[in-house]
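There are 2 protein chains.
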Amino acid sequence: MKRISILGSTGSIGVSTLDIVSRFPERFEIVGLAAGGNIDLLKEQIGRFRPSYVSVSEEAAALSLKGMDCHVLHGIEGAIAVATAPEADMVVSAIVGAAGLVPTVAAIKAGKEIALANKETLVMAGELVIREAREAGVNILPVDSEHSAIFQSIVGHNKDEIKRLILTASGGPFLNYPMEKLKGATPADALNHPNWQMGKKITVDSASLMNKGLEVIEARWLFDIPADRIDVHIHPQSIIHSMVEYIDGSVMAQMGIPDMRIPISYALSYPERLPVSLPSLNLLEIEKLTFMKPDHERFPCLNLAYNALMAGGTMTAVLNAANEIAVDAFLNGRIGFTEIPEIIDKVMSSHKNGAASHVDDILRADLWARGKAKEIIKGGNS
Amino acid sequence: MKRISILGSTGSIGVSTLDIVSRFPERFEIVGLAAGGNIDLLKEQIGRFRPSYVSVSEEAAALSLKGMDCHVLHGIEGAIAVATAPEADMVVSAIVGAAGLVPTVAAIKAGKEIALANKETLVMAGELVIREAREAGVNILPVDSEHSAIFQSIVGHNKDEIKRLILTASGGPFLNYPMEKLKGATPADALNHPNWQMGKKITVDSASLMNKGLEVIEARWLFDIPADRIDVHIHPQSIIHSMVEYIDGSVMAQMGIPDMRIPISYALSYPERLPVSLPSLNLLEIEKLTFMKPDHERFPCLNLAYNALMAGGTMTAVLNAANEIAVDAFLNGRIGFTEIPEIIDKVMSSHKNGAASHVDDILRADLWARGKAKEIIKGGNS
């Protein structure tokens, strides 16, 4: 029996994780759930999975859970308590955004196995987090379909024989969008993702390719492969989830239907697989698999991410923070789609880069970048 | 230092194996070479690789090698001596056709690690050979690109979590050939393979899809997966060399440029990989990857192979023998291309199937099937 805490239980990954847990009650038990503001769904989850610890963002929401048969907590301390619950063997880290970093680091320090869906943990603090995990003897199992694919393409093979990683990207809704219309693209246009059902923030990141940029940064830390040996291929069908090329010319790949329950179940049950009753991948029904170079003019965010990774230090945290603010402003109709990379670029350019030795360094850079991005947006001089 | 004997050193696989050996002289040493009738090439190989044992098919050819600094042998005993040379750690089994079976079994019994390119060993005697290998504690490493791909897609994963194997087939030169012209297809037409440079027999087998049928039989024994869980997909680009689907919906695949030196080098150096200096697979240059169901009307040989596998016993040896005779007759202009499956079908229909408990049972069935096939071809009533 594996006992699991989920950070971000009411989000897309959290819900899929609970779907897997509910299919294999003899294998998994829920210890803790941390959620944001979706209290109705959280109440339903508490009723079904009977966790010992529950945490929500706001104190008011916590009060509305009074009387339920569990410890109710709130805020960052609440999330940390769920992440470090003594009964938990594994923590599924699926809070979207920078808010996921601190409880994930707390879980690692408490020796919990990590199923990692939160991108920001490695984007903001990759070097530090991987070092902590090594020291604590903790496994980090990727939940992202791309990193799960790479992980599965390395299992059983030799890491030091890797020539390069190839992350695939669907290209999102703007892959073939007329360039002159990109400036005026609306949130509705950006949220119209061709293959995957995901949250809003990550869907916009997919449309700008920032999502792929963040994944390159994650891959660099998860697999200890330098940036210049990580490539991105646009693969609109999203069937090959990513690939690993070896020194002998062999390329290993993992494929599947676009359903997050596959990589989630793999992370939950590794090194075993679960008989998740999903439809088989039917390549005979898929007309073709195609691959293209990313268009860096159309998608400047990808190179911004490579630049931040190459710069190192707190620059990736700054990239990430500026992007969160810019995407939020875009979703609220305050800036245009093509202003997202412009704002990030400006924030990065004015950042005085420094070492990311402690979480505090990173949080300070994050805070600064958010302020800077807001200032630029407010000034309207992006 | 791994010491290697090669059975079939002057054929396509033998030559590629020696190419790999010559690139890594600090890793590999040649102990023995067995060849057919290409004495000029064999002499060159002896001069370059200085084996202790050499064997050729005919005594006359052996005489022409007198004076070279090695034990010169001939015939089946010669091949067995090369296969069981006490100095050899590994035997590369690459003699084309039924002639490869006996020396390969001898190598297994002598405890040699096997790099298996000879299809007939497993097609004729799969159950027996796998049992012998298990008893002798011998590894059989596949050299065929398809089986190497499956092997690489299983390494590190759990065999008992496999849902199905998917072998890919280029479809050969007749994939889109007009059906009404297939009857009159010439050996030159059949030898015009789109992707791979191989020997004549195997190239005709690729054109009829018998090659894929034989590979299904091999896969059944190599990976212990029943026939009804082995599928074949036509994949004209020959980039994905084969795939394994797991119970969670994940499909692992191995890809690469079509160069046999990749799977050969993997078999020679497993579990390590060698930095074979071949061009990288460039998916960006490949327009698309496509997949189709095999057309069983056009390619009846594939179902004949499934039928033989399902029948078991000596039937797969009969399938193989009848095919060798029919392909030979086709290459010599004595029968048409579409008569190949007709002849095999007739031979299989008149075979009284029995247990394949000993190599002798298999060789007897093989001999009978050859006679029967020749009789049918001579009678011209195919």
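Those sequence lines, one after another, are chains A and B.
Per our numbering, the very first residue in the first sequence carries number 5; after that it's consecutive.
Per our numbering, the very first residue in the second sequence carries number 5; after that it's consecutive.
Glycine residues also receive a C-beta, built at the ideal position from the N, C-alpha and C atoms.
Around the beta carbon of G384/B, fewer than 16 other beta carbons sit within 10 angstroms, so the residue counts as exposed. Contact annotation: in the region 161-182 of chain B, residues whose CB is within less than 9 Å of a CB in chain A are H161, N162, E165, K167, R168, I170. Of the other Cβ atoms in all chains shown, fewer than 16 fall within 10 Å of the Cβ of T190/A; this residue is therefore exposed.
For Q258/B, the enclosing beta strand (DSSP E) begins and ends at 255-259. Between L313/B and D349/B, the C-beta spacing is not below 8 Å. The region 315-327 of chain A makes contact with the region 206-225 of chain A; the number of CB pairs closer than 8 Å reaches 3 or more.
Chain A has no Cβ within less than 8 Å of the Cβ of A98/B. Distance from the CA of N122/B to the CA of P304/B, rounded to the nearest whole angstrom, comes to 23 Å. Its Cα nearest to that of K6/A, the residue E33/A stands out among E33/A, H245/A, I24/A, G12/A. For E249/A, DSSP records a beta bridge to R168/A, V255/A. Where V100/A is concerned, there is no enclosing beta strand (DSSP E), because DSSP gives it neither an H nor an E. Chain-ordered, the chain A residues with CB closer than 7 Å to the CB of H237/B read L287, L288. With respect to chain B, the C-beta atom of P146/A has no partner C-beta closer than 8 Å.
Taking a Cβ-Cβ cut-off of 8 Å, the neighbours of S269/B in chain A comprise D252, given in sequence order. Counted as a single uninterrupted DSSP element, the stretch harbouring I381/A is not any beta strand (DSSP E) but the alpha helix (DSSP H) occupying residues 363-383.
Taking C-beta separations shorter than 8 Å and ignoring five residues to either side along the sequence, the partners of T125/A in its chain run S97, G104, L105, T108, V109, V133, following chain order. When Cβ pairs closer than 8 Å are counted between the two stretches, the region 172-191 of chain B is seen to touch the region 326-345 of chain B, the count reaching three or more. Neighbourhood of P55/B in chain A, by CB distance below 9 Å: empty, with the nearest CB roughly 25 Å away.
Residue-level contact check: A257/B touches chain A, since one or more beta carbons of chain A fall below 8 Å from its beta carbon. In terms of beta-carbon proximity, S20/A stays away from the interface with chain B, with every pair separated by 8 Å or more. Within the model, the alpha-carbon separation for D44/A versus G51/A is close to 11 Å. Straight through space, the alpha carbons of I84/A and R27/B are spaced by roughly 56 Å. In this structure, the CA atom of S281/B is about 25 Å from the CA atom of R54/B. With 16 or more neighbouring CB atoms inside 10 Å of its own CB, R265/A falls in the buried class. Among the residues facing chain A, M296/B is included, as its CB has a counterpart in that chain under 8 Å away. When C-alpha distances from D370/A are compared across H355/A, I380/A, I381/A, K382/A, the shortest belongs to H355/A. Around V159/B, the beta-carbon contacts reaching into chain A at under 9 Å are V159, G160, H161. Pairing V331/A with D209/A gives a Cβ-Cβ distance under 8 Å. In this model, M259/B and V76/A are separated by some 51 Å (Cα to Cα). Using a Cβ-Cβ cut-off of 7 Å, K292/B is close to K292, L293, T294 of chain A, given in chain order. Sequence-distant Cβ neighbours of G203/A in its own chain, meaning closer than 7 Å and more than five residues away, are G15, S16, V100. In the DSSP assignment, H151/A falls within the alpha helix (DSSP H) that extends over 149-158.
For S284/B, the nearest beta carbon of chain A is closer than 8 Å to its own beta carbon.
Restricting attention to beta strand (DSSP E) runs no shorter than 3 residues, the region 38-126 of chain B encloses them at 57-60, 75-78, 94-97, 117-120, ordered along the chain.
Separation of the CB atoms of G175/B and H197/B is rounded to 10 Å, and the pair is thereby denied contact status at 8 Å.
Between the region 246-257 of chain A and the region 156-163 of chain A there are three or more inter-stretch CB-CB distances shorter than 8 Å, so the stretches are counted as touching.
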